[in-house]
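Participant:
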């Protein structure tokens with residue numbers, strides 16, 4: 001089984017210097033690809049000088065996480081592609097348990113257990129659950145003693161490349177970040193494939209060191225998160241009961257966002273509206289693969 005590793009990078013030179021030696025040790029027999037998203041911190045030059053055996057794909061301009069990942073997957077030769085963030089360090093023995101599931105042809109992705117370092121606290125993440133409530137998909141961290149998951153994290157997961165290609169990978173409408181991993185996992189589940197969580201495959205994820213918090217303000221992050229939440233519903237939800245619920249609750253959410261001064265929701269809503277043509281096109285070709293209803297998928301993971 002051929003394995004490729006894809007690492008998207010944006011102004012993460014310090015993280016590559018710190019973490020890439022550990023990653024290379026864990027992936028000694030794998031193809032390693034770093035996709036540089038138009039960094040301005042010398043990341044590309046550093047990689048060429050310090051890690052000449054790593055395959056570097058350079059983007060002339062910055063476009064976002066989904067675009068970078070898709071470029072890396074397109075170049076990957078492996079049957080299985082592992083996706084890691086620059087702020088993630090895998091444990092030395094994490095790869096074996098992760099790959100063991102892919103003998104099953106119905107497995108789309110397998111997520112790792114992330115020992116997420118958030119300030120002074122370490123939280124076990126990697127398994128997701130959710131519910132459709134008041135017109136939106138609510139998602140949160142699930143208990144890590146089960147193997148099913150609503151999504152495989154874009155920060156530390158493995159994907160079957162043939163199914164990734166069939167599902168068209170990450171939808172780049174979500175750039176620069178957020179919701180792209182939930183989206184592709186949800187589409188895989190609705191298409192009849194499985195997404196699993198493997199607690200024996202462990203990584204350390206230092207969220208506070210990532211590029212998002214360094215490059216974007218809190219308000220910008222909230223706006224993008226709201227925008228992508230709208231996009232997810234408009235693009236993926238096909239059950240009449242759920243989409244009707246979304247339309248019913250939408251005025252309520254927008255009104256109370258205005259009352260509490262949450263202008264990020266209004267801005268996110270406006271930005272999502274501007275993407276309606278792209279949403280409609282994506283909905284047209286993505287839904288052709290669906291074999292399950294939204295209810296059949298979501299009710300497996302209800303909070």
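Numbering (full-length UniProt numbering), first residue to last: 1 to 303.
Built from N, CA and C at the ideal position, the CB exists for glycine as well.
Predicted, not measured: the structure shown is a model, and the values here were computed from it.
1) Excluding sequence positions up to five away, which residues of its chain have a Cβ less than 6 Å from the Cβ of residue 129?
2) Between which residues of its own chain and residue 98 is the CB-CB distance below 7 Å, once the five residues before and five after are set aside?
3) Under 8 Å, with one C-beta from each stretch per pair, do the region 61-71 and the region 173-186 reach the 3-pair mark?
4) Taking the C-alpha atoms as reference points, what is the distance between residue 226 and residue 91?
5) Roughly how many angstroms lie between the CA atoms of residue 137 and residue 105, to the nearest whole one?
6) When we look at the beta-carbon of residue 346 and count the other beta-carbons within 10 Å, is it buried (16 or more) or exposed?
7) Name the DSSP bridge partner or partners of residue 194?
8) Short check: CB of residue 86 to CB of residue 15, under 7 Å?
9) Assign residue 275 to one of three DSSP states: helix, strand, or coil.
10) Taking Cβ to Cβ, would you say residue 114 is nearer than 7 Å to residue 156?
11) If we ignore side chains and look at the alpha-carbon of each, how far apart do residue 265 and residue 273 end up?
12) Among 249, 117, 222 and 20, which one has its Cα closest to the Cα of residue 52?
13) For residue 298, which of 50, 3, 269 and 239 has the nearest alpha-carbon?
14) Just confirm the distance between the C-beta atoms of residue 43 and residue 64, as a whole number of angstroms; I'd bet it's less than 8 Å.
15) Residue 39 and residue 10: beta carbons closer than 7 Å?
16) According to the Cβ coordinates, are residue 304 and residue 34 closer than 7 Å?
17) Can you have a look at residue 25 and say buried or exposed, based on whether 16 or more other CB atoms are within 10 angstroms of its CB?
18) The beta strand (DSSP E) with residue 227 in it runs from where to where?
19) Where do the N-terminal and C-terminal ends of the beta strand (DSSP E) with residue 207 fall, by residue?
20) If we call anything under 7 Å between Cβ atoms a contact, is residue 154 one with residue 291?
21) Decide yes or no for the touch test of the region 162-171 against the region 52-61: beta carbon pairs closer than 8 Å, at least 3 of them.
22) Taking the alpha-carbon positions, what's the residue 80 to residue 31 distance?
23) Tell me which residue opens and which closes the beta strand (DSSP E) that residue 253 is part of.
24) According to DSSP, which residues form a beta bridge with residue 306?
25) Use the C-beta contact count for residue 223: other C-beta atoms within 10 angstroms, 16 or more gives buried, fewer gives exposed.
26) Drop a sphere of 10 angstroms on the beta-carbon of residue 77, count the other beta-carbons inside from all chains shown, and report buried for 16 or more, exposed for fewer.
27) Taking the alpha helix (DSSP H) that residue 42 belongs to, which residues open and close that run?
28) Is residue 213 near residue 283, with beta carbons less than 7 Å apart?
29) By the 10 Å Cβ neighbour count, where 16 or more other Cβ atoms means buried, how is residue 152 classified, buried or exposed?
30) If we call anything under 7 Å between Cβ atoms a contact, is residue 147 one with residue 196?
Facilitator: Here's the rundown:
1) Translated into the one-based positions of the chain shown, residue 129 becomes position 129. Excluding positions up to five away in sequence, the list reads 142, 150, 301 and 303.
2) What you label residue 98 is simply residue 98 of the chain shown in a count that begins at 1. Closer than 7 Å at Cβ, skipping near neighbours: 110, 112, 158, 198 and 201.
3) yes
4) Walking along the chain shown from the start, residue 226 turns up at place 226. Walking along the chain shown from the start, residue 91 turns up at place 91. Each residue's Cα considered, the two are about 34 Å apart.
5) If you number the chain shown from 1, residue 137 lands on position 137. If you number the chain shown from 1, residue 105 lands on position 105. Approximately 28 Å, taken between the alpha carbons.
6) Residue numbering for the chain in the displayed model covers 1 to 303; residue 346 lies beyond these limits and cannot be assessed.
7) Within the chain shown, numbered from 1, the residue matching residue 194 stands at position 194. 107.
8) One-based indexing of the chain shown puts residue 86 at position 86. One-based indexing of the chain shown puts residue 15 at position 15. Yes; because the gap between Cβ atoms is below 7 Å, this pair is in contact.
9) One-based indexing of the chain shown puts residue 275 at position 275. Residue state, collapsed to three classes: coil.
10) Within the chain shown, numbered from 1, the residue matching residue 114 stands at position 114. Within the chain shown, numbered from 1, the residue matching residue 156 stands at position 156. Going by C-beta atoms, residue 114 is nearer than 7 Å to residue 156.
11) One-based indexing of the chain shown puts residue 265 at position 265. One-based indexing of the chain shown puts residue 273 at position 273. Rounded to whole angstroms, residue 265 to residue 273 spans 12 Å at the Cα level.
12) Residue numbering aside, residue 52 sits at position 52 when the chain shown is read from its first letter. Ranking the options by Cα distance to residue 52, first place goes to 20.
13) For the purposes of this step, residue 298 is taken as the residue at position 298 of the chain shown. With distances taken between Cα atoms, residue 298 lies closest to 239.
14) Walking along the chain shown from the start, residue 43 turns up at place 43. Walking along the chain shown from the start, residue 64 turns up at place 64. Their Cβ separation, rounded to whole angstroms, is 16 Å, which puts residue 43 and residue 64 out of contact at 8 Å.
15) For this step, residue 39 is matched to residue 39 along the chain shown. For this step, residue 10 is matched to residue 10 along the chain shown. Yes. Within cutoff.
16) With the chain represented from 1 up to 303, any question about residue 304 goes unanswered, as that position is not in the structure.
17) The residue given as residue 25 occupies position 25 in the chain shown. Residue 25 is exposed by the Cβ-count criterion.
18) Taking the chain shown and counting its residues from 1, the one referred to as residue 227 is at position 227. Element bounds for residue 227: not the beta strand (DSSP E) but the alpha helix (DSSP H), 218-236.
19) The residue labelled residue 207 in the question sits at position 207 within the chain shown. It is not in any beta strand (DSSP E) - residue 207 carries neither H nor E in the DSSP assignment.
20) By 1-based counting over the chain shown, the position of residue 154 is 154. By 1-based counting over the chain shown, the position of residue 291 is 291. Going by C-beta atoms, residue 154 is not nearer than 7 Å to residue 291.
21) no
22) Counted from its first residue, the chain shown places residue 80 at position 80. Counted from its first residue, the chain shown places residue 31 at position 31. Taking the straight line joining both Cα atoms gives about 11 Å.
23) As a first step, residue 253 is located in the chain shown; it is residue number 253 there, counting from the start. No beta strand (DSSP E) contains residue 253, which is instead part of the alpha helix (DSSP H) from 240-259.
24) This structure gives no information on residue 306, because the portion of the chain shown stretches from 1 to 303.
25) Sequence index remark: in the chain shown, residue 223 carries index 223 (1-based). Per the 10 Å Cβ criterion, buried.
26) Position 77 of the chain shown, counted from the first residue, corresponds to residue 77. Exposed: under 16 other Cβ atoms inside 10 Å.
27) Working through the chain shown from its first residue, we reach residue 42 at position 42. Segment: none, residue 42 is in no alpha helix (DSSP H) and carries neither H nor E.
28) For the purposes of this step, residue 213 is taken as the residue at position 213 of the chain shown. For the purposes of this step, residue 283 is taken as the residue at position 283 of the chain shown. No, the pair does not count as a contact, with Cβ atoms beyond the cut-off.
29) Taking the first residue of the chain shown as position 1, residue 152 is located at position 152. The residue is buried, with at least 16 neighbouring Cβ atoms inside 10 Å.
30) As a working note, residue 147 is residue 147 in the chain shown. As a working note, residue 196 is residue 196 in the chain shown. Taking 7 Å as the Cβ cut-off, residue 147 and residue 196 qualify as a contacting pair.
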